[in-house]
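Here full-length UniProt numbering is used: the first residue of the sequence shown is 1, the next is one more, and so on.
What follows is a single structure, written as structure tokens, with notes after it.
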Amino acid sequence: MMDDYAAVGIIFRDTEGKPIKVFGQIICASTPIMAEYYAAILALHLAKKWIQRDIAIWFEVDSLQTATMLSSVMHYSSVPKGSWLVSMVHAFPDYRITHCYREANEAANWIAKFVSTQRVEFIWDWGMPFPIHFEKILLNDYVFKPP
Numbered sequence: 001m002m003d004d005y006a007a008v009g010i011i012f013r014d015t016e017g018k019p020i021k022v023f024g025q026i027i028c029a030s031t032p033i034m035a036e037y038y039a040a041i042l043a044l045h046l047a048k049k050w051i052q053r054d055i056a057i058w059f060e061v062d063s064l065q066t067a068t069m070l071s072s073v074m075h076y077s078s079v080p081k082g083s084w085l086v087s088m089v090h091a092f093p094d095y096r097i098t099h100c101y102r103e104a105n106e107a108a109n110w111i112a113k114f115v116s117t118q119r120v121e122f123i124w125d126w127g128m129p130f131p132i133h134f135e136k137i138l139l140n141d142y143v144f145k146p147p
């Protein structure tokens with residue numbers, strides 16, 4: 001059903017805040033919590049290539065309830081639906097899960113809105129040009145320091 005869709009925006013950044021990969025996709029989810037949980041799984045799936053490196057992973061989710069749920073799942077590896085998520089997160093040397101208001105993470109919010117309205121997948125890798133509106137958002141982002 002089209003009523004059960006959501007759009008996710010995922011941004012991977014380096015330690016200086018520069019985007020290294022940006023991804024947006026429409027997903028099927030019956031509740032906002034399921035959409036957030038699926039977005040976390042999707043982000044981990046995309047981040048698998050970095051597991052062997054000495055990098056931490058940080059989830060910023062726009063639902064306080066989801067941040068709390070994901071944090072609690074990390075402490076209980078016997079949770080059947082969370083075991084894959086737990087093992088993937090623990091493969092990184094460190095992790096953090098925090099709540100961030102949607103408006104505070106304007107770049108990820110823009111990606112999700114773009115994907116939702118255009119009904120397309122969004123993929124950006126290092127070296128590709130940004131869409132002009134997205135670049136303006138990144139330049140206003142206190143984390144991003146342009147080259």
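Quick reminder that beta carbons are idealized off the backbone N, C-alpha and C, glycines included.
Requested in this report: Just list the alpha helix (DSSP H) runs in the UniProt domain "RNase H type-1" (4 to 114), keeping only unbroken ones of 4 residues or longer that don't cross its boundaries, in chain order.
Outcome: 32 to 47, 64 to 74, 83 to 90
Query - Option in Asp14, Trp58, Phe23 with minimal Cα separation from Phe130 - result: Phe23
Query raised in the report: Are the beta-carbon atoms belonging to Ile33 and Val8 less than 8 Å from one another?
Result: no
Query - Ala56, buried or exposed, once every other Cβ within 10 Å from all chains shown has been counted against 16 - result: exposed
Query raised in the report: Secondary structure at Glu135, three-state DSSP: helix, strand or coil?
Result: helix
Query - Other residues of its chain near Ile20: CB distance less than 6 Å, five sequence neighbours each side excluded - result: Phe12, Asp14, Trp126
Report task. Just grab the DSSP bridge partners of Trp124 for me. Result -> Val22
Query raised in the report: Do Ala107 and Leu138 have their CB atoms nearer than 8 Å?
Result: yes
**Report entry** Rounded distance between the beta-carbons of Val73 and Ala67, thought under 8 Å
**Finding:** Not really, about 11 Å apart at Cβ, beyond 8 Å.
Report task. Would you kindly work out how many angstroms separate the C-alpha atoms of Lys48 and Leu42, rounded to a whole number? Result -> 10 Å
Query raised in the report: Does the Cβ of Thr31 lie closer than 7 Å to at least one heavy atom of the ligand GTP?
Result: With respect to small molecules bound, the structure shown includes none, and the ligand GTP cannot be examined in it.
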